[in-house]
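**Q**
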Amino acid sequence: MRTVVINTGTEILLGDVVDAHLPFISREIFEFGLRIEEQRTISDGIAIAVALRDVFARAEIVFVTGGLGPTTDDVTREIVAELLQLELIEDTRVREAIRSRLSLRRIAPTKRIWRQAQVPIGAEVLPNERGTAPGLYLPPNVNPAISSPHLFLLPGPPRELQPIFRQSVAPVLRRITADLHPPAMRRFQLAVVGESIVEKKIGAKILAIPGIELGYCSRPGEVEVRVSGSLEAVEIAEGIIQSELADAIFTTEDETLAAVVVRLLSKRGETLALAESCTGGLLADQITNIAGASKIFLAGYVAYSNEEKIRTLGIAASSIGRFGAVSEEVALEMAEGARVAAPATHSIATTGIAGPSGGTSEKPVGTAFIAISSENHVPICRKFFLPSDRETFKQLIAQNAFDLLRRRLLV
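For the sequence shown, the working numbering assigns the number 26 to the initial residue and increments by one for each residue that follows.
Structure, rendered in structure tokens:
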């Protein structure tokens, strides 16, 4: 079934917002045997009608993101209703959901906010538990006088769109694609290994399998390997990947490395503390983004200055004076100090030089040390050299830190 995504929003075209919808929707629809054949990003307003008229002639499924809110530039709902010649009628259930949400947050409603309760006749409301604008599904030829495809109107914020997609859009797609036969697929998330190394180990072997499709997606500190094809071909490919890269695979599910660490600690009934310098709280942020983190995460210390390392974590001033704040000795003391202070079963410490200044010939920008302290285990520390911009440097350190602990937990 020919599938198109239309992203609306001038803010996307201006570069103020990065489109997160295409990769998400592409991944979610693959299991139904669907692939995005075309994507458009258009400004708010009349361009929406122009784009819809164009794709209606050749698309069978269309996803439109954005433009469902209460402001003057949110006109997707109205344009679609006009294009399909459908009357907009207030849905009392949507209005009550909006009222309840605003009341809970103690926000006084404005007149324009009730626009979001307007629903085209024939549309199915897709409830939004994280915002006030619901999604809408309009079946094909909802107005018999006008030819139209399956049409999904979805809110722009990813934190709203993604739950709606999984909870409400997916069941509709499952129903309308029941006669399709999607290929088998497996995804493997690999920690702290380069894409070129992964390709060297498995590329030729997997591509030698008849009928297989192989893809890679690289992000800071991880690589995703995707194989699809017949079930037999995918199982052969999976055997190769497991044989060559088993140690690096941290999940085959849709979860982060931080989520894997939380899951492993929860399963073991163990706890974690963090002592962060160069990562500035990024590890704590990623851990606390995971539901259930409160069961395992006891404390996080962001000790950026030398004085705070000494005061908060009990680092010996002599250690900093002799070895420097970015050193194996100080990283180990940070990890031990955090674990004892919490007290926790395990702790991670990070210290490094993010740059662009601060480096030396002995410790250039990009140098970092990660230490792990655990009850009844010998502490470990690893040195890394990861020169990059500050944000990427922090993400790479976080991934390496979580992977060190992951490997320890699997022993």
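Using N, Cα and C, we set each Cβ at its ideal position, and we do this for glycine too.
Nearest to Ala-45 by CA position, among Gln-141, Gly-91, Asp-116, is which residue?
**A** Among Gln-141, Gly-91, Asp-116, the Cα nearest to that of Ala-45 is on Gly-91.
**Q** Taking just the CA atoms, how far does Ala-316 sit from Arg-299?
**A** It is worth fixing the name first, because residue 299 is Leu in this sequence and not Arg. Going from the Cα of Leu-299 to the Cα of Ala-316 covers about 18 Å.
**Q** So for Gly-346, helix, strand or coil by DSSP?
**A** If DSSP states are grouped into helix, strand and coil, Gly-346 belongs with the helices.
**Q** As an exercise, report each continuous alpha helix (DSSP H) stretch of at least 4 residues that is fully enclosed by the stretch 99-171, in chain order.
**A** 101-108, 117-129
**Q** Give the range of the beta strand (DSSP E) segment to which Val-299 is assigned.
**A** Note that residue 299 corresponds to Leu in the displayed sequence, not to Val. Looking at the DSSP string, the run of the beta strand (DSSP E) that includes Leu-299 is 297-301.
**Q** At a cut-off of 7 Å, would you count Leu-178 as near the ligand ADP, judging by its Cβ distance to the nearest heavy atom?
**A** In the structure shown, the ligand ADP is absent, as is every other ligand, since no ligand is present at all.
**Q** Only counting the same chain, and skipping five residues up and downstream in sequence, which positions put a Cβ closer than 7 Å to that of Thr-304?
**A** Thr-375, Lys-419, Ile-422, Ala-423
**Q** If you drop the 5 nearest sequence neighbours on each side, which residues of the same chain put their C-beta closer than 7 Å to that of Asp-99?
**A** Gly-92, Leu-93
**Q** Could you check if Asp-414 is buried or exposed, using at least 16 other CB atoms within 10 Å of its CB as the buried criterion?
**A** exposed
**Q** So which of Thr-392, Gly-58, Ile-373 has the shortest CA-CA distance to Pro-427?
**A** A quick correction: the sequence has Phe, not Pro, at residue 427. The residue with the shortest Cα to Cα distance from Phe-427 is Ile-373.
**Q** Only counting runs of 4 or more residues, tell me where the alpha helix (DSSP H) segments fall wholly within the stretch 335-417, in order along the chain.
**A** 342-348, 353-366
**Q** For Gly-325, which residues in the same chain have their Cβ closer than 6 Å to its Cβ, ignoring the five residues on either side in sequence?
**A** If the five residues before and after Gly-325 are omitted, its C-beta is found closer than 6 Å to the C-beta atoms of Leu-299, Ala-309, all from its own chain and listed in chain order.
**Q** Report buried or exposed for Glu-358, applying the criterion of at least 16 other Cβ atoms within 10 angstroms of its Cβ.
**A** Result: buried.
**Q** Assuming Val-167 and Leu-109 are in contact, meaning their beta carbons sit under 8 Å apart, how far apart are those beta carbons, in whole angstroms?
**A** About 6 Å separates the beta carbons of Val-167 and Leu-109, which is inside the 8 Å limit, making them a contact pair.
**Q** Span of the alpha helix (DSSP H) holding Arg-30?
**A** Checking the sequence, you will find Val at residue 30 rather than Arg. Segment 28-33 is the beta strand (DSSP E) holding Val-30; no alpha helix (DSSP H) there.
**Q** Indicate whether at least one CB of chain C lies closer than 8 Å to the CB of Pro-164.
**A** Here chain C cannot be found, since the structure has a single protein chain.
**Q** In the DSSP assignment, find the unbroken alpha helix (DSSP H) run with Glu-62 in it and report its ends.
**A** Segment 61-67 is the beta strand (DSSP E) holding Glu-62; no alpha helix (DSSP H) there.
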